[in-house]
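Order-wise, the sequence lines are chains H and U. Following this note's numbering, the numbering of the first sequence begins with 1030 at its first residue and continues without gaps. Following this note's numbering, the numbering of the second sequence begins with 961 at its first residue and continues without gaps. Glycine included, every Cβ here is placed at the ideal spot set by N, Cα and C. Quick caveat: nothing in here was measured; it's all calculated off a predicted structure.
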Amino acid sequence: MAGKPKLHYFNGRGRMESIRWLLAAAGVEFEEQFITCPEDWDKLRNDGRLMFGQVPMVEIDGMELVQTRAILNYIASKHNLYGKDLKERALIDMYIEGMADLNEMIIMFPMHPPGEKDAKLALIKEKTTNRYFPAFEKVLKSHGQDYLVGNRLSRADIHLVELIYHVEELDPSLTANFPLLKALKTRISNLPNVKKFLQPGSQRKPPVTAEAIEQARKVFKF
Amino acid sequence: MAAKPKLHYFRGRGRMESVRWLLAAAGVEFEEEFLETREQYEKLQKDGRLLFGQVPLVEIDGMELTQTRAILSYLAAKYNLYGKDLKERVRIDMYTDGTLDLMMMVAVGAFKPPAEKEETIASAVKSAKTRYFPVFEKILKDHGEDFLVGNKFSWADIQLLEAILLVEELDASVLSDFPLLKAFKTRISNIPTIKKFLQPGSQRKPPPDSHYVAVVREILQF
């Protein structure tokens, strides 16, 4: 009997949030087991359930998957969100790898010491404005279609809209000069599964707070 | 008429080396255009050939692919090195993501100041010995087969060999506790296409030296 996928991670966005978005957009119900103390993490590791000693880990289809990309690739393929052929997949991969690079900066942002934060934020804004958003705006402009690849919803659209939301949390003005990205965000946000996920009470996680990082530092001693 | 794939990168390993390994292992001849000046790099950018303004860039099958993982996944799928189904593919993804993480630890070391460089190298070797190599030793032990996944040569085997050789350059004794990895290394190295790639005169690149670092710093301006 196929159970629901079960996500093992901290009770926060981090590297698991893209997985939550993708499952939600695909209409897949999932469970979560949160790591709240060092013992939780030790147990997962000692039980040999984390291939490289790291989370995210997702129990799905009888497997215990680790490595964010491997997990996302699997879910996207399984739920037909990965393009119709190899060439569409290559385009999707190219786009989402760029998104992952920007997302990495955003994920790591709360972890930097206060003195470094301003510089890191400036870098995120600069890359968003000059490197990443222009690239995706150009893709949408070049074909004039509703979705990034193949005139059909794919994981690229989901990941990009997630990224847009997170970028706007840092600075709402960053999307000002990207009308097609704004339109994509509206369109994707109105898809029933995504709309539901965007509502309060969903499994979507709130932005990380400085207090939460402090708490995590104490608990996990880093 | 299908042209050979063409690789655009610096004359060194960096993020392109895994692509060279994969093409070579698949028996695919490829051309290389080396970035030697800032002007060449700026031209690629101005001509709109770099989606996010970055290399590696691979011209293949009418596409200009950037983002290392997008390139590697495309090649692996095209040359039947990506498993027979989704479950094999996710295992290959998990293993290659892990080895890529390890290889990146080594690659960034070349660009650090001397004291930090030693620390980075030591840390990478330690990760190899305690986090990554034990995992692959166990995988080989558990199924007793010649290859990591599906009893068939795949991208995962190529990348693990690349990672093993990379770490051995830093610490020749790194495989001393891993007899199955030693046997694996010999076996995979003897595959004809790989054996050829390992010989002098192939397109395999040497470890980064101070000249390489200087050229990259100058071109990327950091």
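Using alpha carbons as the reference points, say which of the options lies closest to residue i.
i	options	result
R1181 (chain H)	H:L1220, H:E1058 and H:E1088	H:L1220
T1080 (chain U)	U:L1062, U:R1091 and U:E977	U:L1062
K1072 (chain U)	U:A963, U:T1056, U:L1180 and U:V1173	U:V1173
A1212 (chain H)	H:D1090, H:N1159, H:K1072 and H:E1166	H:E1166
F1207 (chain H)	H:V1223, H:V1190 and H:N1222	H:V1190
V1085 (chain U)	U:T1059, U:T1026, U:P1074 and U:I1099	U:T1059
I1121 (chain H)	U:V988, U:A1075 and U:M1023	U:M1023
R1042 (chain H)	H:D1071, H:I1135 and H:K1072	H:I1135
I1089 (chain H)	H:P1229, H:E1061, H:K1072 and H:A1164	H:E1061
I1179 (chain U)	U:I1099, U:K1142, U:E996 and U:D1131	U:E996
L1052 (chain H)	H:V1196, H:T1065, H:I1064 and H:V1087	H:V1087
A1129 (chain H)	H:S1202, H:H1188 and H:E1243	H:H1188
A1082 (chain U)	U:L983, U:V1095, U:P1094 and U:A1067	U:A1067
L1199 (chain H)	H:N1222, H:L1110, H:R1233 and H:K1146	H:K1146
Q1000 (chain U)	U:L1041, U:D1045, U:A1143 and U:F970	U:F970
L1203 (chain H)	H:S1106, H:G1173, H:L1152 and H:K1247	H:L1152
K1038 (chain U)	U:E1078, U:V1015, U:A1075 and U:L982	U:L982
Given residue i, which residues of its chain have a CB within under 6 Å of its CB, disregarding the five upstream and five downstream residues?
i	result
K1149 (chain H)	F1138 and H1141
F1107 (chain U)	F1113 and D1117
M1030 (chain H)	A caution first: M1030 (chain H) carries a pLDDT of 48, below 50, which makes its placement in the model unreliable, though a value can still be read off. If we look at M1030 (chain H) and ignore the five residues flanking it on each side, it has no Cβ neighbours.
E1048 (chain U)	V1109 and G1110
M1080 (chain H)	V1095
P1085 (chain H)	Y1038, R1044, M1045 and T1097
G972 (chain U)	K1165, P1168 and Y1172
I1124 (chain U)	K1145
K1250 (chain H)	none
L1025 (chain U)	V1018 and I1031
V979 (chain U)	I1031
Going along the chain, which residues of its own chain have a beta-carbon closer than 7 Å to the beta-carbon of residue i, five neighbours each way excluded?
i	result
K1116 (chain H)	none
E941 (chain U)	Within the shown structure, residues of chain U are numbered from 961 to 1182, placing residue 941 (chain U) beyond reach of any answer.
L1131 (chain H)	K1156, T1157, Y1161 and L1192
S1170 (chain U)	none
H1103 (chain U)	none
L1209 (chain H)	E1166, L1169 and K1170
S1087 (chain U)	L1062 and M1065
G974 (chain U)	A1067
H1195 (chain H)	I1135
I1020 (chain U)	P965
K1154 (chain H)	D1200 and L1203
Under 8 Å Cβ to Cβ from residue i, same chain only, skipping five residues before and after it: list those, please.
i	result
V1057 (chain H)	K1033, P1034, I1104 and H1108
G1013 (chain U)	Q1005
K1225 (chain H)	A1053 and S1231
E991 (chain U)	K964, P965, K966 and L967
K1089 (chain U)	V1134 and D1137
R998 (chain U)	E1178, I1179 and Q1181
Considering just the uninterrupted stretch of the alpha helix (DSSP H) at residue i, what are its terminal residues?
i	result
M1054 (chain U)	L1046 to G1069
L1158 (chain U)	No alpha helix (DSSP H) holds L1158 (chain U); DSSP gives it neither H nor E.
V1173 (chain U)	S1170 to L1180
M1092 (chain H)	Run containing M1092 (chain H): none in the alpha helix (DSSP H); it sits in the beta strand (DSSP E), M1092 to V1095.
V1237 (chain H)	V1237 (chain H) -> no alpha helix (DSSP H), and no H or E assigned at all.
E1122 (chain U)	W1115 to L1130
M1023 (chain U)	Looking at the DSSP string, M1023 (chain U) is not in any alpha helix (DSSP H); the run it does join, the beta strand (DSSP E), is M1023 to T1026.
Q1005 (chain U)	R998 to K1006
K1098 (chain U)	F1093 to H1103
Y1111 (chain H)	Element bounds for Y1111 (chain H): n/a, residue is neither H nor E.
Y1194 (chain H)	R1184 to L1199
At which residues does the beta strand (DSSP E) containing residue i begin and terminate?
i	result
Q1062 (chain H)	E1060 to F1063
I1089 (chain H)	M1086 to I1089
I1151 (chain U)	Note, I1151 (chain U): premise wrong, no beta strand (DSSP E); not H, not E.
K966 (chain U)	K966 to F970
F994 (chain U)	E991 to L995
K1035 (chain H)	K1035 to Y1038
V1018 (chain U)	L1017 to I1020
If I'm right that residue i touches residue j with Cβ under 8 Å, what's the distance once you round it to whole angstroms?
i	j	result
R1074 (chain H)	E1093 (chain H)	Contact doesn't hold; Cβ gap of about 12 Å is too wide.
T1153 (chain U)	A985 (chain U)	5 Å
D1131 (chain U)	A1099 (chain H)	Not confirmed; about 28 Å, so no contact.
Q1027 (chain U)	M1123 (chain H)	5 Å
L1126 (chain U)	I1148 (chain U)	At roughly 14 Å, the Cβ-Cβ gap does not stay under 8 Å, so L1126 (chain U) and I1148 (chain U) are not in contact.
Along the segment 1152 to 1181 of chain H, where does the CB come closer than 8 Å to a CB of chain U? Name the residues. Sequence-ordered contacts of the segment 1152 to 1181 of chain H with chain U read R1160, Y1161 and A1164 [C-beta pairs closer than 8 Å].
Report the residues of the segment 998 to 1021 of chain U with a CB closer than 8 Å to any CB of chain H, ordered along the chain. Under the 8 Å Cβ criterion, the segment 998 to 1021 of chain U contributes L1011, F1012, G1013 and D1021.
In chain order, what residues of the segment 1127 to 1138 of chain H put their CB closer than 8 Å to some CB of chain U? G1127 and D1130
Using a Cβ cut-off of 9 Å, which residues of the segment 1044 to 1058 of chain U contact any Cβ in chain H, in chain order? L1046, K1047, R1049, V1050, R1051, I1052, D1053, M1054, Y1055, T1056, D1057 and G1058
Name the residues in the segment 1104 to 1119 of chain H whose C-beta lies less than 8 Å from a C-beta of chain U; which are they? S1106, K1107, L1115, K1116, R1118 and A1119
Residues of the segment 1023 to 1039 of chain U with Cβ closer than 7 Å to any Cβ of chain H, in chain order: Cβ contacts with chain H: M1023, L1025, T1026, Q1027, R1029, A1030, S1033, Y1034, A1037 and K1038.
Closer than 8 Å, Cβ to Cβ, to anything on chain H: give me those residues from the segment 1091 to 1111 of chain U, in chain order. Correct list: R1091, Y1092 and V1095.
In chain order, what residues of the segment 1179 to 1207 of chain H put their CB closer than 8 Å to some CB of chain U? The residues in question: there are none.
Interface positions of the segment 1035 to 1056 of chain H facing chain U (Cβ-Cβ less than 9 Å), listed along the chain: none
Of the residues that make up the segment 1070 to 1095 of chain H, which ones have a beta carbon closer than 8 Å to any beta carbon in chain U? M1080, F1081, G1082, D1090, M1092, L1094 and V1095
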